[in-house]
Amino acid sequence: MKIHSFISHPLLLLLLLALVHKLALASAREPMVVGAWEPIKDVKDPRVQGLGKFSVLEYNKEKNAYLSFKSVVDGQEQVVAGVNYLLTVEAMDGEVTKTYEALVWEKDWEGFKRLISFKLIKEREEKKGEQRGDDGGCPREKREHR
């Protein structure tokens with residue numbers, strides 16, 4: 000088929016223009032960077048919470064610790080040979096809530112999961128009945144003296 004006859008068919012020309020337009024739109028989108036960290040859209044997803052619980056259980060086994068999993072509060076994922084999950088995990092250490100950063104590597108299709116790192120990033124007291132000054136920890140109001 001000659002180029003001249005190809006262009007002279009309006010339907011083929013329209014199809015070609017539609018294809019070029021679609022390719023142009025696809026290239027204008029933000030490119031997917033292999034190995035880039037992306038935020039986890041729903042950290043409340045049971046699968047993500049399960050990864051957080053796994054990280055606490057593995058840490059307990061490795062360090063002979065007694066942390067109790069509370070929740071995953073934030074996270075990112077990175078596609079590699081499998082998926083790396085960088086999770087912000089809350090766990091109880093006795094009566095104290097502590098926040099940890101856990102790195103879990105998973106190859107779901109192989110049933111493979113490994114805790115790569117687990118480190119403390121923050122802790123806060125949550126003891127019931129603990130006194131926090133004379134006002135129970137409530138913000139103090141400025142009062143005028145009369």
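FYI, the numbering for the sequence shown is 0 to 145, going by numbering that gives the first Met the number 0.
Note that beta-carbon positions come from the ideal geometry of N, C-alpha and C, so glycine has one too.
Since we're looking at a predicted model, the values are computed, not measured.
With respect to the beta strand (DSSP E) encompassing glycine 49, which residues constitute its N-terminal and C-terminal limits? Premise fails: glycine 49 lies in the alpha helix (DSSP H), 45 to 62, not in any beta strand (DSSP E).
Three-state class that DSSP yields for aspartate 41 in the structure shown: coil
Helix or strand or just coil, what does DSSP make of glutamate 122? strand
Hey, how far is the Cα of aspartate 41 from the Cα of leucine 86? 12 Å
Aspartate 107 - containing beta strand (DSSP E), residue span: Note, aspartate 107: premise wrong, no beta strand (DSSP E); not H, not E.
Please say whether isoleucine 120 and tryptophan 150 have beta carbons closer to each other than 8 Å? The requested residue 150 is not part of the displayed model; the chain covers only 0 to 145.
Who are the Cβ neighbours of leucine 50 in its own chain at under 6 Å, not counting the five residues just before and after it? Excluding positions up to five away in sequence, the list reads Tyr84, Val103.
Please tell me whether valine 78 and leucine 66 are closer than 8 Å, where the distance is taken between their beta carbons. no
Under three-state DSSP, which class holds tyrosine 99? strand
Can you grab the Cα-Cα spacing for the pair valine 88 / lysine 62, in whole Å? Using only the alpha carbons, I get a separation of about 17 Å.
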